[in-house]
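Colleague: Below is a structure I'd like to ask you about.
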């Protein structure tokens, strides 16, 4: 990674991976002056979907201004394949970053991303950074899942599960905090059902409600929705404690 000048921008959903990437960038001394959250209008190949509206409160707690991107609804049937859909989904983000590059003093030096194993997402973000002529900081990329999970807990991340969609994960997992016991159960489910410890296969999605990069904890009031084999939380109220 080059010593580029300018500002760093964190691709941020509020989930554990993007939060950890921003945290590690700050720990490294990178100047993260903006966060960018994309609010997908529906299911997405490229983005974390559930409860992205809470990213604004998390960003407030982090003390970093947030840019929210609102793509128009995308007609998945018009895409010839998943690759085409991923490329189209990236266009609103790239457009927003292009505008931000012109606005920031010194432009965008680089982008942080919480990619762990998805070549599909990472290759597209790398290509986008190439077009923007900026660096990519992806500190979680291809690291060992258990080591990453342990590092997040050791750093003080409080992570809750906000959506599940996999065999072995029932409604009781919704709203559950990830801790040592949770990780042990996820490892057992990995052996039995193939559940990825970090949810890389879409088995579950998360929200970081507190951590070393946040000044105030995010408190939630929510209901749960269950559809037989999958479910999610629906937040009724959220505030910073």
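Residue numbers (full-length UniProt numbering): 1 to 241.
Even glycine gets a Cβ: it sits at the ideal position worked out from N, Cα and C.
Nearest-angstrom Cα distance between residue 118 and residue 200?
Modeller: Roughly 8 Å separates the two Cα atoms.
Colleague: Name the one or two DSSP bridge partners that residue 8 has.
Modeller: According to DSSP, residue 8 bridges with 32, 110.
Colleague: Can you give me the start and stop residues for the alpha helix (DSSP H) that residue 185 sits inside?
Modeller: Start and end: 180–193.
Colleague: Nearest to residue 127 by CA position, among 142, 116, 110, is which residue?
Modeller: The residue with the shortest Cα to Cα distance from residue 127 is 110.
Colleague: Below 8 Å, how does it come out for the region 207–219 and the region 17–29: are there three or more Cβ pairs, yes or no?
Modeller: Yes, the region 207–219 is in contact with the region 17–29.
Colleague: For residue 162, which option in 121, 172, 87 has the closest C-alpha, if you only look at C-alpha atoms?
Modeller: With distances taken between Cα atoms, residue 162 lies closest to 172.
Colleague: Please go through the same chain and pick out, in chain order, the residues whose beta-carbon is closer than 7 Å to the beta-carbon of residue 31, but skip the five residues on each side of it.
Modeller: The residues are 7, 8.
Colleague: Please list, in chain order, all residues of the same chain as residue 223 whose beta carbon is under 8 Å from its beta carbon, the five residues on each side excluded.
Modeller: Around residue 223: 233, 234, 236.
Colleague: Going straight from the alpha carbon of residue 33 to that of residue 96, what length do you get?
Modeller: For residue 33 and residue 96, the distance between alpha carbons rounds to 15 Å.
Colleague: Give the secondary structure of residue 237 by DSSP, where H, G and I count as helix, E and B as strand, and everything else as coil.
Modeller: Three-state DSSP puts residue 237 in a strand.
Colleague: What is the DSSP secondary structure of residue 161, reduced to helix, strand or coil?
Modeller: Residue 161 falls in the strand class under three-state DSSP.
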